[in-house]
Each structure stands twice: as structure tokens, then as C-alpha cells.
Amino acid sequence: MSESGKRKLLHTRQVVCRGYELNNGLWEIEGRMSDVKSFPMENRDRGGLIEVGEPLHDIGLTLTIDRTLKIHHAKAVIDAAPFNQCSGITGAFKRLEGLRLESGFTRKVREILGGVKGCTHLIELLGPISTTAYQTLWQTENGYNSNDPSILQGLADSCHTLARDGDVMAPLLPEGDNVTTDNNKQEFGA
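According to full-length UniProt numbering, the stretch in the sequence shown is residues 1 to 190, in order.
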């Protein structure tokens, strides 16, 4: 990787997300994040020292969603953190229940869980959890239609390629729903 000299590993962050189909018509999206140092780290709340290979952070968030990407259940866990107080915020993530993974979701999350109302790392985990939800529902081994409008609605206008009036989305959305509302849409040349 590096062309400027030898490297010494200091920190590893792992994010793993998994999507499961439940037998009740819902889906469960699970995200885990861990931070591990390659050196012992002083820490007053964890006995004075976090040993090499022991996680500084080991946190998880599980969302139970339906086909419309509505969150029916949210559960956060903090199994390891640098401060004893960190795990006290996990219950706040129940506030995600009732929200949908759609355009504006990140803004809503920051309103209800931003700053001292939440946990930075659990909020960061919502990004990969959200994209894992889309990938999980997009097409399952049971053959659900990947052009299902209930899944596509949340993707419309989420990026340049998925503009409502673009080549990918316009043919898939109902008439009148395929007009991009983003007045700042830019065209980029090749």
C-alpha cells in the first residue's frame, strides 16, 4: 500500500453488517463495530489499561424493518467502550422506531440522537446498516422483485445515478413520481 516506507499497524476498526429475513415478514439488519489498538492503552475506567487486541469499542445496533423500510424495533448494545457511562445511552436508540430508512433519515437521526442525546459511533453505524438494509431487501433468494416500487422509493434522488428523472429510475417509478425535485442537480462531463 504505502510507497513511502514501512508501516506499523496502530489501529483497526471493523464494521460488519448482516441482513436476515425473519419468518414473520420482517427483516433484521445487524451492525457491529469494533476498534482495537495494536498497543496497550491507558484507560481509567477499564482497570487502568486496555490490553493489545482487547476492543476499545465493541458496539452493535439491530434494526427490525418491514418492506417499506420502516423501523419496527431498534436495539443498541455497547459491550466495550472507553468510559463506563457509554452504555447508559443505548436505550435512547429506541427513538429510531417508527422512522423509515429513506431520504432525510440521517437528518432526522441527528435531530433526535445527535450530540449528547446519542452516541457518535452508534450513529455512524447507521450508514452501513441502512445500505445493508437496501441490499438485503433488493432481491432475496426467495425471488422478490428487485423493481418493487416500495423499495425504490427510498432510493430515488439518493445519488446522481438514481435521480428520479434519470435513465435508471424514471422507467421504474409511477408517472408523476419521476421528476427530480433537486434544483441543484449538476451535470458532469466525462
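Virtual Cβ for every residue (Gly too), placed ideally from N, Cα, C.
CB contact flag (residue i, residue j, <8 Å)
i, j, result
"S34", "P55", "yes"
"G31", "P174", "no"
"E28", "T64", "yes"
"Y134", "L162", "no"
"G47", "I71", "no"
"D79", "I50", "no"
"D66", "L26", "yes"
"C17", "T132", "yes"
Terminal residues of the beta strand (DSSP E) in which residue i lies
i, result
"A170", "It is not in any beta strand (DSSP E) - A170 carries neither H nor E in the DSSP assignment."
"E102", "From DSSP, E102 is part of no beta strand (DSSP E); its letter is neither H nor E."
"E30", "W27 to K37"
"E54", "E54 -> no beta strand (DSSP E), and no H or E assigned at all."
Where the alpha helix (DSSP H) through residue i begins and ends
i, result
"H121", "T120 to W138"
"K108", "F105 to L113"
Burial state of residue i, where buried means 16 or more other Cβ atoms lie within 10 Å
i, result
"L61", "buried"
"F83", "exposed"
"T12", "exposed"
"F188", "At F188, the pLDDT of 43 sits below 50, so the modelled position is not reliable; the number obtained from the coordinates is stated separately. Exposed."
"G164", "Checking the displayed sequence, the identity of residue 164 turns out to be Arg instead of Gly. Classification for R164: buried."
Minimum C-alpha distance to residue i - residue among the options
i, options, result
"D81", "L113, L9, T120 and L172", "According to the sequence as given, residue 81 is Ala; it is not Asp. Of the candidates L113, L9, T120 and L172, the one whose C-alpha sits nearest the C-alpha of A81 is T120."
"G118", "R107, S158 and I89", "I89"
"A76", "L125, D45, H160 and P40", "L125"
"G91", "K37, L10 and A74", "A74"
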